[in-house]
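Before any comments, here is the structure.
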């Protein structure tokens, strides 16, 4: 009996250590992301400071603080593309059907969108009833990050979802501007005859680069710019 008890305690301890290791890995990944974002903000501040135009220090600090606040807010949100629009004219029913549609799409993940999340269709209803993006607002950043991580893992492992469905993190006004600038650069360089270009992300920031990375992986393009938030 004593041996069985010790074995049980050992198994519990082993499971606890495994859970702690997993949490530590996630924390390290989050810290890496935060450091990258801080470095990006520092680079933007340096660029502003070296600009020929005089920028008041207080203005720079205000911009950095605003961007930091916006990024923290956006961490609660995910944007879902390709979720069919409800034909109902009743708003509560449309919201309920959106929630059910997203749940049905993500059923392969083994989880549903929590009831305490808020769903918001972005943009005005179109006459052709084309699917508008859906902002999914979670109560915590951890819930949003876990949902996106599960989706990406499933997609990379070969799980198929509804045609056109895409789940991405929300972006700040500055991030959307950078993405639009990249699309403009991509169009210009493509029109100038450059081939095999895509918009890729390095340390969370978009840039125009080759469709195939140095290690041979294919860089998949982001959603078309006309689907990005304005």
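In full-length UniProt numbering, the protein residues as written are 1 to 230. Glycine included, C-beta positions come from ideal geometry on N, C-alpha and C. As the structure is a computational prediction, the values presented were derived from the model and not from experiment.
Beta strand (DSSP E) runs contained entirely in the stretch 27–88, provided each spans 3 or more residues: Runs of beta strand (DSSP E) with 3 or more residues, each lying fully within the stretch 27–88, are found at 77–81, listed in chain order.
DSSP three-state call for residue 209: helix, strand or coil? Here residue 209 corresponds to residue number 209 of the chain shown, with the count starting at 1. The DSSP-derived three-state label of residue 209 is strand.
Cβ distance (whole Å) where residue 104 is taken to contact residue 135 below 8 Å: For the purposes of this step, residue 104 is identified with residue 104 of the chain shown, where counting begins at 1. For the purposes of this step, residue 135 is identified with residue 135 of the chain shown, where counting begins at 1. Actually they are not in contact, since the Cβ atoms of residue 104 and residue 135 sit about 19 Å apart, beyond 8 Å.
Please report the residue range of the beta strand (DSSP E) in which residue 199 lies. Numbered from 1 along the chain shown, position 199 holds the residue referred to as residue 199. Taken as a continuous stretch (DSSP letters only), the beta strand (DSSP E) holding residue 199 covers 197–202.
Local conformation of residue 228 per DSSP, three classes: Here residue 228 refers to the residue found at position 228 of the chain shown. Residue placement at residue 228 is poorly supported in this model, since its pLDDT is 46, which falls under 50; the coordinates still yield a value, given next. Residue 228 sits in coil when the DSSP states are folded into three classes, being neither helix nor strand.
Among residues of its own chain, excluding the 5 on either side of residue 101, which ones have a beta-carbon nearer than 7 Å to its beta-carbon? As a first step, residue 101 is located in the chain shown; it is residue number 101 there, counting from the start. Apart from the 5 residues on each side of it in sequence, residue 101 sits with its Cβ closer than 7 Å to the Cβ of 83 and 84 in its chain, given in chain order.
Close Cβ partners of residue 23 (< 8 Å) along its chain, the five nearest in sequence each way excluded: Within the chain shown, the letter at position 23 stands for residue 23. The answer is none, since no qualifying residue turns up.
Return the chain-ordered list of same chain residues with a C-beta closer than 8 Å to the C-beta of residue 185, the five sequence neighbours on each side being excluded. Stepping through the chain shown from its first residue, residue 185 is reached at position 185. Result list for residue 185: 208, in chain order.
Smallest Cα separation from residue 167: which of 132, 178 and 50? Numbered from its first residue, the chain shown carries residue 167 at position 167. Nearest option by C-alpha distance: 132.
From residue 20 to residue 143, what does the alpha carbon distance come to, in whole angstroms? Residue 20 sits at position 20 when you count from the first residue of the chain shown. Residue 143 sits at position 143 when you count from the first residue of the chain shown. Cα-Cα distance, rounded: 18 Å.
Pull the bridge partners of residue 106 from the DSSP assignment, please. As a working note, residue 106 is residue 106 in the chain shown. DSSP lists no partner for residue 106.
Contact check, residue 67 vs residue 172 under 8 Å by CB: the rounded distance? Position 67 of the chain shown, counted from the first residue, corresponds to residue 67. Position 172 of the chain shown, counted from the first residue, corresponds to residue 172. Contact holds; Cβ gap of about 6 Å.
Give the secondary structure of residue 95 by DSSP, where H, G and I count as helix, E and B as strand, and everything else as coil. Indexing the chain shown from 1 puts residue 95 at position 95. Residue state, collapsed to three classes: helix.
By the three-class DSSP mapping on this structure, what secondary structure does residue 173 have? Taking the chain shown and counting its residues from 1, one reaches residue 173 at position 173. Looking at residue 173 - three-state DSSP - the assignment turns out to be helix.
Do you know how far the Cα of residue 73 is from the Cα of residue 64? What you label residue 64 is simply residue 64 of the chain shown in a count that begins at 1. What you label residue 73 is simply residue 73 of the chain shown in a count that begins at 1. The straight-line gap from Cα to Cα measures roughly 14 Å.
For residue 118, which beta-bridge partners are listed by DSSP? Within the chain shown, residue 118 is the residue found at index 118, counting from 1. According to DSSP, which records beta bridges pairwise, residue 118 is partnered with 137.
Can you check which of these residues, 78, 13, 6 and 25, is closest to residue 140 by C-alpha distance? Position 140 of the chain shown, counted from the start, is the residue given in the question as residue 140. Comparing Cα positions, the closest option is 78.
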